[in-house]
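Mapping of the sequence shown onto my numbering: position 71 corresponds to residue 71, and the numbering continues sequentially without gaps. Heads up, the beta-carbon is just placed ideally off N, CA and C, and yes, glycines get one too. Computed from a prediction, not measured in an experiment: that's the story for all the values here. So the structure is just underneath, and the comments pick up after that.
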Amino acid sequence: MCISKIKIRPEKDIQLAILHYLKSIGCVCGKTKTMGVRYGKVFRYDIWTMRGKCDLEAFKNGVMYGIEVKSGYNKLTPEQEMYRDLFHKPPDRVFILARKLEDVINIIR
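Right, dumping it as structure tokens:
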């Protein structure tokens with residue numbers, strides 16, 4: 001039995017291809033994640049990063065798209081499943097320009 005090895009593209013390559021495509025069709029799009037910062041050989045995770053958030057976001061014709069990229073047969077993590085469920089619940093999205101805490105408190109109660 002001959003099993004051929006299928007080369008699986010890394011997620012970063014898939015993301016880049018998606019971003020190029022989205023730009024070419026007029027979407028406003030970009031990556032959403034920054035997990036931390038490297039200080040020399042030490043990597044520090046940002047504790048305030050929302051775990052499970054999709055890799056890419058795109059906007060076109062008034063619609064916001066959240067795009068999670070997986071390579072091969074990788075599955076969603078429990079955090080990604082939770083984010084997907086939260087993402088689908090609200091009928092619309094709200095942007096808040098916050099110059100002080102009260103700007104947020106006045107809208108989100």
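Buried or exposed: D85, going by 16 or more other Cβ atoms within 10 Å of its Cβ?
Within the sequence shown, residue 85 is the residue found at index 85, counting from 1. The residue is exposed, with fewer than 16 neighbouring Cβ atoms inside 10 Å.
Going by beta carbon distance, what residues of the same chain come within less than 7 Å of L22, once the five residues before and after it are set aside?
For this step, residue 22 is matched to residue 22 along the sequence shown. For L22, same chain residues with a beta-carbon under 7 Å away, outside a window of 5 residues either side, are C29 and A58 in chain order.
Same chain only: Cβ atoms within 8 Å of L19, ignoring 5 sequence neighbours per side
On the sequence shown, residue 19 is found 19 positions in, with the first residue counted as 1. Taken in chain order, the residues that qualify are C29, G30, K31 and L56.
Quick one: what's K31 bridged to in DSSP?
Counting from one through the sequence shown, the residue named residue 31 turns up at place 31. BP columns for K31 point to L56.
Would you tell me roughly how many angstroms separate the C-alpha atoms of A17 and E11, rounded to the nearest one?
As a position in the sequence shown, residue 17 is number 17, starting the count at 1. As a position in the sequence shown, residue 11 is number 11, starting the count at 1. Near 10 Å, if we compare the C-alpha coordinates of E11 and A17.
Is I110 near I105, with beta carbons less than 7 Å apart?
The structure shown has nothing for residue 110, since the chain only spans 1 to 109.
How many angstroms separate the CA atom of R9 from the CA atom of R109?
For this step, residue 9 is matched to residue 9 along the sequence shown. For this step, residue 109 is matched to residue 109 along the sequence shown. If you take the alpha carbons of R9 and R109, they lie about 44 Å apart.
For I67, which residues does DSSP report across the bridge?
Within the sequence shown, residue 67 is the residue found at index 67, counting from 1. Bridge partners of I67 according to DSSP: L56.
Apart from the five residues on each side of it in sequence, which residues of its chain come closer than 8 Å, Cβ to Cβ, to Q15?
Within the sequence shown, the letter at position 15 stands for residue 15. Around Q15: K31, D55, L56 and V69.
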